[in-house]
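K.L.:
So for the sequence shown, our numbering puts the first residue at 50; every next one is plus one. Virtual Cβ for every residue (Gly too), placed ideally from N, Cα, C. What follows is a structure written as structure tokens; I'll ask about it next.
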Amino acid sequence: MISTSAVDAYIEKNTRRFIEELEELCAFPSISNHGLDAVTPARDWIAERLGRFTDRVETLDEGGMPALYAEVPGAGRRKLLLYQHYDVQPVDPIELWDSDPFQPVEKDGRIVARGVADDKADVMARIHALETLKGLGEIPVTLRFLVEGEEEIGSMTFEKIAHKHADKLRADGCLWESGASFDAAGRPTLQFGCRGLLYVQLRVKLLDFDQHSGLASIYPSAAMYLVEALGSLRDQDMNIRIDGFFERVVEPTDADREMMAKIDPEIDERKKLVGFDRLIRDPAPEHVIEQLLFTPTCNIAGITTGYQGPGSKTVLPAEATAKLDFRLIPDQDPADILLRLRKHFDAHGFEKVEIFGHDAEKPARSDPNSEVARSVIECVKDLHGEPVLWPFMQATGPMHPVVSDLGVPTVLPVGVGRPDNRIHAPNENIHADDYINTIRLMCRVWERFGAG
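In structure tokens form, the structure reads like this:
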């Protein structure tokens, strides 16, 4: 086994280069909803990096943005799957960035760039951890890298990839991309699953073309029609009104509630961070985390209609569109929710709402007492202190095929995530020290898990 002092010395010696190489990857504008040409250069760059340590590098393509797979044989009997993604979110609104999103800058100990937190820091920290252990000896566990290319647009072909290449992805444990790694007090956090997602686009077209708004007394407004349809989904108390929506919802277990009782709800910090003075339903402090994790959501992600330019234009919109997302909890199924959404609109007189372009991911849960989870917990204790354990994260990822279909125990380890990372927002950033500590943690986890 390689000593932690040797690992830390190697990382310290190469810290500057490691950060510069992370920034090099962040300079690729790998926005997946811009198409294959936008993400290919970043994938090729990562493939070349992984190819320095193994000749088992290939792309897994099932018709979307191809994933990258690499296997690095280890000395021990165990296999560890590493999931991360190389695609990033769009940069809009670009005018709110303080610098070019794809020209990384360092400021006050932080690295600012689109994708640096979500998820290129994970990609590079694991490659740098691999370099570190290889440079000092051999890795004790076989590593199976899976670097996805369409996580930010719903992982549309991931389930196909997971099933077709199950022999490559089966492992004794999986380290997912790191989640919300630190809370507002700086305590390390771990999660053991994720919520599901249904993302749909809606369209209403009532007229052939826009009309003078003076005709609103005789012609219908697509804008009003869609707004009223959206308004029918929730009541004034924010309760979702779709019939049967909660039928498959599973209540928290005693173990879930024990975990949640130890999580600081950070009410004041949350209000200050987003500039809002109250939480929905204004829950008691002891109920905030349960509401956050175990309450499904219905959210309007965007709505477009009518005239949005400068000044005024008196127009009756012929068409209106919206983007709607639902965060789902175990054991809700996005396919079931999609059917219920259609039935809801029809039953409430909104048959003209067209639903199209939907993305879906099922919720996933893994055992917090698995061997890979225990290895991560012990290593986090050694490096950062006692971690706060979450049943699952509030966000979504394509974890279900790995956890439920392939049966691989999975944990979201500590990485670079902090409440002020501004993930999916302008000026996305990480602390440079968090990045270096992520490399250290990966080396420790691989050593401990591989020794089992």
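Which stretch, first to last residue, makes up the alpha helix (DSSP H) that contains LYS411?
P.N.:
From DSSP, LYS411 is part of no alpha helix (DSSP H); its letter is neither H nor E.
K.L.:
Can you grab the Cα-Cα spacing for the pair ALA166 / ARG252, in whole Å?
P.N.:
Going by the C-alpha atoms only, they are around 33 angstroms apart.
K.L.:
Do you know how far the Cα of VAL154 is from the Cα of PRO417?
P.N.:
Approximately 37 angstroms between the Cα atoms of the pair.
K.L.:
Contact between the stretch 345-352 and the stretch 210-217: three or more CB pairs below 8 angstroms?
P.N.:
No, they do not touch.
K.L.:
Rounded to the nearest angstrom, what separates VAL463 and PRO142 at their Cα positions?
P.N.:
Rounded to the nearest angstrom, the two C-alpha atoms are 29 angstroms apart.
K.L.:
By Cβ distance below 7 angstroms, which residues in the same chain neighbour ALA272 in space, the five residues on each side in sequence not counted?
P.N.:
Taken in chain order, the residues that qualify are THR354, GLY355, PRO366 and ALA369.
K.L.:
For GLU362 and ALA278, what's the separation of their Cα atoms in angstroms?
P.N.:
Note that residue 362 is Lys in the sequence shown here, rather than Glu. Cα-Cα distance, rounded: 25 angstroms.
K.L.:
Closest by CA to GLY203, which one among PRO458, LYS411 and GLY466?
P.N.:
Closest by alpha carbon: LYS411.
K.L.:
Give the C-beta separation of LEU179 and LEU192 to the nearest angstrom, bearing in mind that I take them to be a contact with Cβ-Cβ under 8 angstroms.
P.N.:
With a Cβ gap of about 7 angstroms, LEU179 and LEU192 count as contacting.
K.L.:
For TRP94, name the three-state secondary structure that DSSP assigns.
P.N.:
Here TRP94 sits in helix by DSSP.
K.L.:
Let me make sure I understand the geometry here. Which of HIS433, GLU435, VAL452 and LEU432 has the alpha-carbon closest to that of PHE441?
P.N.:
Minimum Cα distance to PHE441 is reached at VAL452.
K.L.:
If you draw a straight line from the alpha carbon of PHE294 to that of GLY360, how long is it in whole angstroms?
P.N.:
Each residue's alpha carbon lies about 42 angstroms from the other.
K.L.:
Using only the alpha-carbon positions, how far apart do ILE426 and THR346 sit?
P.N.:
If I take the Cα positions, the gap works out to 30 angstroms.
K.L.:
Could you please give the first and the last residue of the uninterrupted alpha helix (DSSP H) stretch that includes PHE498?
P.N.:
Where PHE498 is concerned, the enclosing alpha helix (DSSP H) stretches over 481-499.
K.L.:
Can you grab the Cα-Cα spacing for the pair LEU47 / GLY222, in whole Å?
P.N.:
Absent from the model: residue 47. The displayed extent of the chain is 50 to 501, so no value can be given.
K.L.:
Whole-angstrom Cβ separation of VAL465 and SER79, contact assumed at under 8 angstroms?
P.N.:
Going by Cβ atoms, the distance from VAL465 to SER79 rounds to 18 angstroms, so no, they are not a contact pair.
K.L.:
Determine the DSSP secondary structure at ILE426, reduced to helix, strand or coil.
P.N.:
Of the three classes helix, strand and coil, the one that applies to ILE426 here is helix, per DSSP.
K.L.:
Could you tell me whether the Cβ atoms of LEU322 and PRO475 are closer together than 8 angstroms?
P.N.:
No, Cβ-Cβ distance for LEU322 and PRO475 is not below 8 angstroms.
K.L.:
Is it the case that the Cβ atoms of ALA371 and GLU315 are separated by a distance below 8 angstroms?
P.N.:
In this structure, GLU315 does not lie closer than 8 angstroms to ALA371 by Cβ.
K.L.:
Do you know how far the Cα of ILE267 is from the Cα of HIS473?
P.N.:
Spanning the two alpha carbons is a distance of roughly 42 angstroms.
K.L.:
Tell me the DSSP bridge mates of ALA119?
P.N.:
In the DSSP output, where bridge partners are listed per residue, ALA119 has VAL106 and PHE194.
K.L.:
Excluding the five sequence neighbours on either side, which residues of its own chain have a C-beta within less than 7 angstroms of the C-beta of MET523, listed in chain order?
P.N.:
Past the edges of the chain, shown from 50 to 501, lies residue 523, and the structure says nothing about it.
K.L.:
How big is the Cα-Cα spacing for ARG489 and GLY184?
P.N.:
Roughly 14 angstroms separates the two Cα atoms.
K.L.:
For HIS393, count the other beta carbons within 10 Å of its own beta carbon; 16 or more makes it buried, fewer makes it exposed. Which is it?
P.N.:
So HIS393 ends up on the buried side.
K.L.:
Return the residue from the list ARG319, PHE498, TRP225 and ASP257 that minimises the CA-CA distance to PRO450.
P.N.:
Taking only the C-alpha atoms, the option nearest PRO450 is TRP225.
K.L.:
HIS134: which of VAL429, ASP454 and GLY446 sits nearest, CA to CA?
P.N.:
Of VAL429, ASP454 and GLY446, the residue nearest in Cα terms is GLY446.
K.L.:
If you draw a straight line from the alpha carbon of LYS320 to that of LEU341, how long is it in whole angstroms?
P.N.:
Each residue's Cα considered, the two are about 14 angstroms apart.
K.L.:
TYR248 lies in the beta strand (DSSP E); which residues open and close that run?
P.N.:
TYR248 -> beta strand (DSSP E) spans 242-254.
K.L.:
Rounded to the nearest angstrom, how far is the Cβ of ASP136 from that of GLU201, given a contact under 8 angstroms?
P.N.:
Sure, about 5 angstroms apart at Cβ, within 8 angstroms.
K.L.:
In terms of alpha-carbon separation, which member of ILE60, TRP94 and THR64 lies closest to ALA76?
P.N.:
Considering only alpha carbons, the answer is TRP94.
K.L.:
Sort GLU97, ASP483, ALA124 and LYS209 by Cα distance to LEU455 and report the nearest one.
P.N.:
LEU455 has its Cα closest to that of LYS209, out of GLU97, ASP483, ALA124 and LYS209.
K.L.:
Short of 7 angstroms in beta carbon distance, which residues of its chain neighbour PRO139, apart from the five on each side in sequence? Order them along the chain.
P.N.:
Contacts found: ILE80 and ASN82.
K.L.:
Could you tell me which of PRO458, ALA55, GLY123 and ASP483 sits nearest to ALA220, measuring between CA atoms?
P.N.:
Selected option, being the one with the closest Cα: PRO458.
K.L.:
ALA119: buried (16+ other C-beta within 10 angstroms of its C-beta) or exposed?
P.N.:
Burial call: buried.
K.L.:
With a CB to CB cut of under 7 angstroms and the five nearest residues on each side skipped, what residues in its chain are close to GLU107?
P.N.:
So the list reads TYR118, once near-sequence residues are dropped.
K.L.:
Within this structure, are the beta carbons of ILE485 and THR181 separated by less than 8 angstroms?
P.N.:
Cβ atoms of ILE485 and THR181: not closer than 8 angstroms.
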